[in-house]
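In the working numbering, the protein residues as written are 5 to 210.
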């Protein structure tokens, strides 16, 4: 398998998940929009975004929740997605919320307000609105963990979606983590294989 990533992007969640699974995989830096290399990357992934996973049969998977679910299902012994329907839909519900609301509607407004308002005079309001969404998502996760190790009774793919949001908060100083989320982030970051994987992105990009 090969993971296409951008340093520090949401792909770090999938990168961490792959490292946790411990199976061989490659990584390759994707290209950002507006760079000369971007059109070449779109030949690999027409959506032009990350994460993107090339499976062993050469087929492409995109979208964080889909890639995470695929990895969980193909490594079923690790138990990263429940086998009962109620458990599965609750994990997927949380994963989708973290990715498509907390990240895309919240964090993206803070970091890229021009995507939501062309006028610079509106950017401060856009950022404030986005920060509210982002912080509300972190607070919801805080209440759900509530002193446990993970979002649910055991580690699931939802924890890797939360991890990249927590990591953004830690690294970029956006939003604030409660004690349960801080401990959750540190629990995953303290795993040597995950930390090495994320730190390797900078080396691959240099």
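Just so you know, even glycine gets a beta-carbon here, dropped at the ideal spot from N, CA and C. Note that the coordinates shown come from a computational prediction; the quantities given were computed from them, not determined experimentally.
Under 6 Å Cβ to Cβ from residue i, same chain only, skipping five residues before and after it: list those, please.
| i | result |
| --- | --- |
| residue 210 | For residue 210, the pLDDT reaches just 44, beneath the cut-off of 50, and the residue's location in the model is therefore unreliable, although a value from the coordinates is still provided. Nothing meets the Cβ criterion. |
| residue 139 | 179 |
| residue 53 | none |
Bridge partners for residue i per DSSP, in chain order?
| i | result |
| --- | --- |
| residue 66 | 56 |
| residue 6 | 30 and 58 |
For residue i, I'd like the list of residues in its chain whose CB is within less than 7 Å of its CB, leaving aside the five on either flank, ordered along the chain.
| i | result |
| --- | --- |
| residue 74 | 65 |
| residue 167 | 17, 20, 189 and 192 |
Would you tell me roughly how many angstroms separate the C-alpha atoms of residue i and residue j, rounded to the nearest one?
| i | j | result |
| --- | --- | --- |
| residue 129 | residue 38 | 26 Å |
| residue 6 | residue 59 | 7 Å |
| residue 148 | residue 163 | 11 Å |
| residue 50 | residue 44 | 10 Å |
| residue 116 | residue 174 | 18 Å |
| residue 177 | residue 13 | 15 Å |
| residue 79 | residue 22 | 10 Å |
| residue 94 | residue 186 | 22 Å |
| residue 81 | residue 133 | 41 Å |
| residue 90 | residue 172 | 30 Å |
| residue 101 | residue 41 | 31 Å |
| residue 32 | residue 158 | 31 Å |
| residue 70 | residue 193 | 23 Å |
| residue 109 | residue 200 | 29 Å |
| residue 36 | residue 47 | 13 Å |
| residue 122 | residue 103 | 24 Å |
| residue 125 | residue 11 | 30 Å |
| residue 120 | residue 112 | 9 Å |
| residue 131 | residue 146 | 22 Å |
| residue 182 | residue 72 | 25 Å |
| residue 87 | residue 191 | 25 Å |
| residue 151 | residue 144 | 13 Å |
| residue 55 | residue 15 | 5 Å |
| residue 153 | residue 24 | 16 Å |
Since residue i contacts residue j with CB under 8 Å, what's their CB separation in whole angstroms?
| i | j | result |
| --- | --- | --- |
| residue 214 | residue 20 | The structure shown has nothing for residue 214, since the chain only spans 5 to 210. |
| residue 165 | residue 17 | 6 Å |
| residue 98 | residue 155 | 6 Å |
| residue 68 | residue 34 | About 14 Å separates the two Cβ atoms, so there is no contact after all. |
| residue 84 | residue 198 | Actually they do not touch by this definition, with Cβ atoms about 14 Å apart. |
| residue 106 | residue 169 | 6 Å |
Which same chain residues, not among the five before or five after residue i, have their C-beta less than 8 Å away from its C-beta?
| i | result |
| --- | --- |
| residue 29 | 5, 6, 7 and 22 |
| residue 77 | 85 |
| residue 206 | 11 |
| residue 92 | 85 and 86 |
Within 7 Å: the Cβ of residue i and any heavy atom of the ligand ZN?
| i | result |
| --- | --- |
| residue 90 | Of the ligands one can find in the structure shown there are none, so the ligand ZN has no counterpart to examine. |
- prompt: What alpha helix (DSSP H) runs, 4 residues minimum, are completely inside the stretch 102 to 182?
  reply: DSSP runs (the alpha helix (DSSP H)) wholly in the stretch 102 to 182: 112 to 115, 127 to 149 and 162 to 176.
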